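In my numbering, the protein residues as written are 4 to 192. Reviewing the structure listed below.
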């Protein structure tokens with residue numbers, strides 16, 4: 004959900020960032036800039052409750068790390084760290100955060116996709132032309148290497164032009180990386 008600052012006019016990006024920093028960054032935590040609209044969209048897509056998210060945001064300190072090896076920057080807001088009510092606030096934040104993650108996880112668990120497997124076709128010969136497109140008249144980007152008897156395929160589609168169908172193929176080893184289309188006649192049934 005990290006978004007850049009909207010750039011005014013045709014100013015170069017570096018100049019806009021410098022201008023934004025000069026005008027708006029008064030302390031290190033001012034580098035934390037949230038795109039509330041984008042966050043709302045992400046919350047909606049993930050099924051998380053936006054009121055709960057913003058409650059957690061309001062009850063927790065602003066924290067970030069400039070670089071992986073640098074010290075954490077923490078805005079120690081006294082009202083958020085006040086001993087009075089901190090136990091209740093901490094319990095709420097922990098429970099609410101766990102609830103948000105469980106909701107997102109359950110939403111993700113509902114996503115369905117076909118099981119990924121590797122499919123191959125046997126080649127009738129070596130040196131089969133691999134086309135850029137599913138078209139015999141498209142550029143030949145490579146030929147299948149000597150010794151390669153079968154090749155990884157993901158799908159088969161009708162030709163863009165002409166007759167027949169084409170397998171979308173990928174082959175890689177320490178010497179070659181090939182991606183493109185071979186005509187169905189090049190593969191055994």
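Think of the CB as a built atom: it goes at the ideal place given N, C-alpha and C, for glycine as much as any other residue. Here the structure is a predicted model, which is why all the values come from computation and not from measurement.
A Cβ-Cβ distance of about 4 Å is found for the pair residue 32 and residue 78, placing them in contact under the 8 Å criterion. Taken atom to atom, the span from the alpha-carbon of residue 186 to that of residue 158 is near 12 Å. Under DSSP, residue 145 shares a beta bridge with 133.
In this structure, the straight-line span from the alpha carbon of residue 99 to that of residue 105 is close to 10 Å. According to DSSP, residue 182 shares a beta bridge with 173. In this structure, residue 124 lies away from residue 134, with their beta-carbon atoms at least 9 Å apart. Here residue 31 carries a helix assignment [DSSP, helix/strand/coil]. Around the C-beta of residue 34, fewer than 16 other C-beta atoms lie within 10 Å, and the residue is accordingly described as exposed. Residue 179 sits away from residue 138, with the two beta carbons spaced by 9 Å or more. Per DSSP, the continuous beta strand (DSSP E) segment holding residue 124 begins and ends at 122-125.
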